[in-house]
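**Q** Numbering (my numbering), first residue to last: 926 to 1095.
In this text, a Cβ means the ideal position worked out from N, Cα and C, and glycines have one as well.
#1: Let me confirm a value: residue 1007 is counted as buried when at least 16 other C-beta atoms fall within 10 Å, else exposed. Which label applies?
#2: DSSP state of residue 964, grouped into three classes?
#3: Fully enclosed by the stretch 955–1030, which beta strand (DSSP E) runs are 3 residues long or longer?
#4: In this structure, how does DSSP classify residue 1049 when only helix, strand and coil are distinguished?
#5: From what residue to what residue does the beta strand (DSSP E) around residue 1043 run?
#6: Run through DSSP, which three-state label would residue 927 get?
#7: Can you say whether residue 945 is buried or exposed, counting buried as having 16 or more other CB atoms within 10 angstroms of its CB?
#8: Tell me the DSSP secondary structure of residue 1064 in three-state form.
#9: So, under 8 Å CB-CB, residue 1043 and residue 1051 are touching, yes? Tell me the CB distance rounded to an integer number of Å.
#10: Check whether the stretch 1061–1071 and the stretch 970–977 touch, using three or more Cβ-Cβ pairs below 8 Å as the test.
#11: Between residue 1041 and residue 967, how many whole angstroms is the CB-CB distance? I'm expecting something under 8 Å.
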């Protein structure tokens, strides 16, 4: 992991933490800000679980799991190839690690995660900036894996085609 990646992670974690401080200071007293009535609100909650509140009250487990995932991703980044797909994978991992660290900080120091973004139109669970980073990072990683596989498949087919053509010419 290079210094640019580390700097990006620090900036992303900083943005996440600053938005959470804003949410606590502005919304912590039960205030609900309707950004778009019936569609999107700022509404603060303390989430003692993971996504959708699953594993609520399992703080140590969530801290351990998140820590292992972060360590695993940092280890894996070093093994990524220096290709276009490897670079996009690094971007995805930076987003995921930034989001994971943001929520890990909350769990370590507060015992819960501060959520405040509420997409009320579909009654989606309340989330935060760190959650967005993780979801966008995972989505990007899936795209990279899909198109990276397609690219590798094309290369293999081209090599097989060239080999077959070479054999038929002999």
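**A** Quick look at the numbers:
#1: exposed
#2: coil
#3: 957–961 and 965–972
#4: Here residue 1049 sits in coil by DSSP.
#5: 1038–1043
#6: coil
#7: buried
#8: helix
#9: 5 Å
#10: no
#11: 6 Å
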